[in-house]
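Comments concern the structure below.
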Ligand SMILES: *Cc1c(COP(=O)(O)O)cnc(C)c1O
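Numbering (the numbering used here), first residue to last: 53 to 481.
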C-alpha cells in the first residue's frame, strides 16, 4: 500500500482532496449540487458562510486543548486559546450573558452537560413530550434523558395547541423536578419564559431553555430572549444561527463552574477547536446589523409560507407561526406526512414529515409536515417566493400519481436558479 507524500497543508484545498480521493471529492460536489438544486425547507438546516467553512476546514482541528483558555492540560494551546476567548467574548456580547461555553460538540451534548451540572441519575426532569414538539433529549425513553432521569412530560392544550402552562405547573407541583426544560423542535409559537420562570421558582427547580431551534432569532433580536429568565440556555449553532454544526451553553454566573465542569471533563474530552473557531466567526456574523435584517426576514418568510400553505388546504398547527418554522396538519388533504414528504422530495422540495399533537398516526407515518425558512432566507428569497413555494408544495402533495412532478421540479429550478445557495462548484477533469 502506498501512502501519499506528506505535503505542507495550510487550510481547505479542494484540489488536494480531488487529486487524492476522488470518491469523497465526488461526495462533496454531489452534496453541493443537491443543496444548490433543491428547495431546502428542513427547519433545522441552513447554509453556512464561506468564512465559517474556512475556519472549520483549518489546522485548528489538529490541536488537543482539554480544559479552558489559560487552563489547558496540554502545551501549545496559546494560539487556539485566542479563538475560544474571542468566541466567548462575542457570545457574551450577543446574548448579554454572564457566561458562555462553546465546547459542546452538538445540541444533545450541550443538554447532557446541562443536566449533568444539576442532576444525579434518578432525579426528576420535567420536559416537553416529543410528539407535542419537544426533543428526544427532553425525557424520551430512547434517550439518556429518559433512561437516566425520572422524566415527566408536559404537552400542548388540545384546543389551542399552545403549551399547556396549567399542566406544567400541576406536574411541577406534583413531581418537584430538579430541572424544568422548555424549548423543542416543532414549536411554531413563542414560549412564555416568564411563566416557566415563575413555575420553576415556585418548586425550586432549575429552568433550562433549550433554544436550539430559535436562538438565531434571539441573536437577531427578532424574538424575546430567554437569557434573562433561564438559569441555563443550551443551543445548537447550526440551525437559524447559521454557524458550524455544534452546541453551546450560556448561563448565569453562579452556574458557570458547574456548567464548565460538566462540559469537560464530565461529558467530553478535547474540544473541537476548529469548530470553536468557526462558532466565533459565526457569532461575529450575528453581531452585524445585516443579521438582524436576516432574522426578521426568516420570520416574515415563515409566516408567508404558512399562509400560502393554509390557502392550499394545509392546517397550520397552533394557528400559525411566530418563528422560523411551521407545522402543518394534512388530515384534511387525506395525505399522510410520509407520502407528502416523498412526493415533495421527488420534485426537489426537501422537508420532513412530522407528528402533530395528538397525532392518530405512528411517528413513522405522521399526519403532518414541518417546514422552515432559515435556508431559503439565506438564499435571499422573500415573501413572494414563499407564495410560489407554498403553491408548489400544494401541487406536489395532491399529486398522487406523480403526473405533475416535472412541472413542480421546473418551478423549484426556477426559484433556486434565481437565488443560488452557493456558487457553482468547479469540477475536476
Ligand atoms: C436539534 C435539537 C437538539 C439536538 O441537536 P444535535 O446537534 O442534533 O444534537 C436538541 N434540542 C433541540 C430542541 C433541538 O431542536
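C-beta: ideal position from N, C-alpha, C; glycine also. What you are looking at is a predicted structure, and each value in this text was computed from that prediction instead of being measured.
Tell me the DSSP bridge mates of residue i?
i           : result
residue 91  : 401
residue 179 : 205
residue 153 : 301
residue 234 : 261
residue 460 : In the DSSP output, where bridge partners are listed per residue, residue 460 has none listed.
residue 445 : The partner list for residue 445 (beta bridge, DSSP) is empty, contrary to what the question assumes.
residue 119 : 124
residue 215 : 208
Does DSSP put residue i in a helix, in a strand, or in coil?
i           : result
residue 129 : coil
residue 78  : helix
residue 287 : strand
residue 104 : helix
residue 465 : helix
residue 452 : coil
residue 142 : helix
residue 163 : helix
residue 221 : helix
residue 134 : helix
residue 64  : coil
residue 86  : helix
residue 421 : strand
residue 311 : helix
residue 477 : coil
residue 54  : Because the pLDDT of residue 54 is 48, which lies under 50, any placement of that residue in the model is unreliable, and the question is left without a value.
residue 99  : coil
residue 158 : coil
residue 327 : helix
residue 70  : helix
residue 194 : coil
residue 438 : helix
residue 171 : coil
residue 344 : helix
residue 335 : helix
residue 293 : coil
residue 282 : coil
residue 110 : coil
Between which residues of its own chain and residue i is the CB-CB distance below 8 Å, once the five residues before and five after are set aside?
i           : result
residue 332 : 107, 135, 136, 138, 139, 142 and 154
residue 199 : 193
residue 174 : 200, 201 and 202
residue 451 : 395, 457 and 460
residue 472 : 88 and 431
residue 344 : 272, 273 and 274
residue 339 : 142, 145 and 146
residue 216 : 206, 207, 208 and 209
Within the same chain, show all residues whose beta-carbon is closer than 6 Å to that of residue i, passing over the 5 residues directly before and after it, in chain order.
i           : result
residue 326 : 108, 110, 112 and 113
residue 20  : A question about residue 20 goes unanswered here, because the residues of the chain that appear run from 53 up to 481.
residue 318 : 168
residue 149 : 279 and 302
residue 129 : 117
residue 119 : 125
residue 374 : 241 and 242
With a threshold of 7 Å on Cβ separation, who are the neighbours of residue i within its own chain once the five nearest residues in sequence on each side are excluded?
i           : result
residue 251 : 220, 221, 224 and 232
residue 392 : 382, 405, 421 and 449
residue 291 : 96, 98, 264, 265, 268 and 426
residue 76  : 69
residue 195 : 188 and 189
residue 357 : 378, 423, 425, 438, 441 and 442
residue 132 : 112, 115, 117 and 325
residue 469 : none
residue 322 : 116, 117 and 118
Please determine whether the Cβ atom of residue i lies at a distance below 6 Å from any heavy atom of ligand 2.
i           : result
residue 187 : Looking for ligand 2 in the displayed structure turns up nothing; the ligands present are ligand 1.
Checklist line | Contiguous alpha helix (DSSP H) assignments of at least 4 residues, all confined to the stretch 347 to 417 | finding: With a minimum length of 4 residues, the continuous alpha helix (DSSP H) runs that stay inside the stretch 347 to 417 are 389 to 398.
Next item on the list: Identify every run of the beta strand (DSSP E) within the stretch 239 to 280, keeping only runs that are complete inside it and at least 3 residues long; order them along the chain.
Entry: Listed in chain order, they are 258 to 262.
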